[in-house]
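Chains as they are written, first to last, in my numbering: chain F, 100 to 322; chain P, 100 to 322. Glycine included, each C-beta is placed from N, C-alpha and C at the ideal position. Bear in mind the structure is a predicted one, so any value in this text is a computation, not a measurement. To start, the structure under review is shown below, and the notes come after it.
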């Protein structure tokens with residue numbers, strides 16, 4: 100079967116930059132979450148709703164990755180978070196050097212939690228280490244329940260899976276239990292949240308988890 | 100703004116193989132269509148419904164691209180078409196050498212129309228020339244109406260756009276006219292079909308177009 104391997108030296112150079120970034124962010128006590136999904140699974144809406152709910156409780160920054168346009172960064176900024184847009188002009192994933200350039204534009208002193216919204220793609224972003232504290236993969240009930248089986252690297256590389264668009268479940272053929280079963284078979288440590296960013300269902304549990312997640316770093320720093 | 104360019108010599112080598120494939124297929128009078136979309140927009144269901152409708156009228160072959168699993172090839176084969184599965188084991192797009200290897204497994208004498216179902220990805224597949232006779236991009240009403248603006252290369256490189264999942268339109272915020280307007284601004288020659296592969300709405304017009312499309316080659320061959 101044909102196979103394409105990304106040149107190891109490119110990935111190693113990426114890792115070096117990612118580790119430098121992680122050290123700088125750790126000094127500032129900032130935790131980072133890399134959010135990945137297919138195009139249109141709801142990453143930006145998830146961030147909008149999350150920022151609205153946590154405003155005043157947590158300093159949130161967002162690095163917004165898109166092939167083109169700054170429409171998503173404008174949405175996130177309107178929700179109330181410090182935001183920087185990266186346009187990859189064709190590239191299908193974010194790399195560490197792009198994050199480094201974006202961080203130079205953010206006032207880090209005001210941030211406790213940094214989201215990186217990756218390019219909409221269930222493949223390549225999983226192969227690029229950004230030394231994030233965790234990775235979140237968002238799947239939605241309208242994109243078919245075969246995604247963990249078809250894109251296993253994405254689920255193996257994530258710490259959290261969000262099943263979004265629960266409000267559309269009555270209108271589609273989608274077996275949530277099958278998705279959870281397949282994802283957990285690939286990665287038994289996956290934490291799973293089910294939600295509808297449109298109706299708000301399930302967002303409370305996710306936001307509670309985020310507050311705890313951000314606090315973990317504070318404890319590490321104080322220790 | 101950061102930019103990643105795929106090495107020109109890799110793309111040139113791909114073009115050479117693609118042109119060889121195109122010459123072989125032209126000799127056999129086979130027309131090819133490269134189908135691309137986000138994961139879960141409905142490429143495989145579109146092919147299932149298309150093959151069921153055109154069975155007996157047109158010899159159809161399918162090269163099925165997936166990162167992992169042969170589930171889609173099994174669905175297509177069950178619908179009644181000659182099918183070969185390519186698993187890219189991580190790669191986010193199909194390349195010409197993969198098509199060449201797959202074609203060695205297909206009995207070309209029975210085929211008039213060859214579909215290549217690309218990896219679910221709105222980015223990279225647009226950059227890889229397979230010397231197909233046309234490209235079809237499938238978007239769906241559940242993935243947000245900003246996709247032409249955010250992934251313009253995909254729409255610039257396609258001859259046809261299918262707007263799928265019309266049956267879910269009452270339950271989502273999706274402006275079909277906006278999608279068509281944005282896509283046509285990028286590519287005024289785009290032919291557009293609106294359909295629901297689930298209910299069958301709009302499939303007749305698409306299948307009529309395919310019959311004409313396949314016949315064009317026969318005329319060229321006879322001329």
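Rounded to whole angstroms, what is the Cα-Cα separation between residue i and residue j?
i: residue 239/F; j: residue 307/P; result: 33 Å
i: residue 127/P; j: residue 160/P; result: 13 Å
i: residue 231/F; j: residue 139/P; result: 27 Å
i: residue 292/F; j: residue 216/F; result: 18 Å
i: residue 197/F; j: residue 208/P; result: 49 Å
i: residue 107/F; j: residue 191/F; result: 18 Å
i: residue 214/F; j: residue 313/F; result: 11 Å
i: residue 171/P; j: residue 157/F; result: 44 Å
i: residue 112/P; j: residue 226/P; result: 13 Å
i: residue 193/P; j: residue 181/F; result: 38 Å
i: residue 176/F; j: residue 155/F; result: 15 Å
i: residue 255/F; j: residue 183/F; result: 28 Å
i: residue 104/F; j: residue 110/F; result: Residue confidence is low: residue 104/F scores 48 on pLDDT, short of 50, so the model does not pin down where it sits. Its coordinate-derived value is still stated next. Computed Cα separation, rounded: 11 Å.
i: residue 301/P; j: residue 132/P; result: 19 Å
i: residue 315/P; j: residue 278/P; result: 29 Å
i: residue 206/P; j: residue 137/F; result: 34 Å
i: residue 273/P; j: residue 167/P; result: 31 Å
i: residue 245/F; j: residue 268/F; result: 15 Å
i: residue 320/P; j: residue 123/P; result: Annotation note: pLDDT 49 at residue 320/P (below 50); position unreliable, coordinate value reported separately. When rounded, the distance between both Cα atoms is 13 Å.
i: residue 220/P; j: residue 179/F; result: 30 Å
i: residue 296/F; j: residue 134/F; result: 15 Å
i: residue 275/F; j: residue 243/F; result: 10 Å
i: residue 218/P; j: residue 169/F; result: 26 Å
i: residue 224/F; j: residue 204/P; result: 32 Å
i: residue 234/P; j: residue 299/P; result: 22 Å
i: residue 195/F; j: residue 195/P; result: 30 Å
i: residue 237/P; j: residue 237/F; result: 21 Å
Using the DSSP secondary-structure output, state which residues sit across from residue i in a beta bridge.
i: residue 213/F; result: 131/F and 160/F
i: residue 184/P; result: 163/P
i: residue 354/P; result: Residue 354/P is absent from the model: chain P starts at 100 and stops at 322.
i: residue 136/P; result: 237/P
Where does residue i sit, in a helix, a strand or coil, going by DSSP?
i: residue 200/F; result: helix
i: residue 154/P; result: coil
i: residue 123/F; result: helix
i: residue 240/P; result: coil
i: residue 324/P; result: Outside the displayed span of chain P (100 to 322) sits residue 324/P, for which this structure offers no information.
i: residue 115/F; result: helix
i: residue 227/P; result: coil
i: residue 175/P; result: helix
i: residue 206/F; result: coil
i: residue 109/P; result: helix
i: residue 218/P; result: coil
i: residue 311/F; result: helix
i: residue 269/P; result: helix
i: residue 193/P; result: coil
i: residue 245/P; result: coil
i: residue 287/F; result: coil
i: residue 300/F; result: coil
i: residue 282/P; result: helix
i: residue 143/P; result: helix
i: residue 168/F; result: coil
i: residue 256/P; result: coil
Judging by CA-CA distance, which residue of the options is the nearest neighbour of residue i?
i: residue 115/F; options: 300/F, 205/F, 190/F and 228/F; result: 228/F
i: residue 265/P; options: 314/P, 241/P and 134/P; result: 241/P
i: residue 261/P; options: 174/P, 121/P, 212/P and 144/P; result: 144/P
i: residue 188/P; options: 215/F, 203/F, 197/F and 222/F; result: 222/F
i: residue 199/P; options: 294/P, 290/P, 119/P and 295/P; result: 119/P
i: residue 271/P; options: 233/F, 141/F and 236/F; result: 141/F
i: residue 202/P; options: 224/P, 162/P, 125/P and 148/P; result: 162/P
i: residue 150/F; options: 117/F, 212/F and 301/F; result: 212/F
i: residue 310/P; options: 121/P, 124/P, 130/P and 109/P; result: 130/P
i: residue 148/F; options: 169/F, 220/F, 123/F and 174/F; result: 174/F
i: residue 290/F; options: 247/F, 258/F and 186/F; result: 258/F
i: residue 251/F; options: 124/P, 152/P, 186/P and 122/P; result: 186/P
i: residue 294/P; options: 263/P, 247/P and 248/P; result: 263/P
i: residue 304/P; options: 233/P, 204/P, 152/P and 269/P; result: 152/P
i: residue 248/P; options: 121/F, 124/F, 165/F and 135/F; result: 165/F
i: residue 125/F; options: 234/F, 235/F and 210/F; result: 210/F
Contact between the segment 276–296 of chain P and the segment 278–293 of chain F (3+ Cβ pairs under 8 Å)
Contact between the segment 276–296 of chain P and the segment 278–293 of chain F is absent, because fewer than three Cβ pairs lie under 8 Å.
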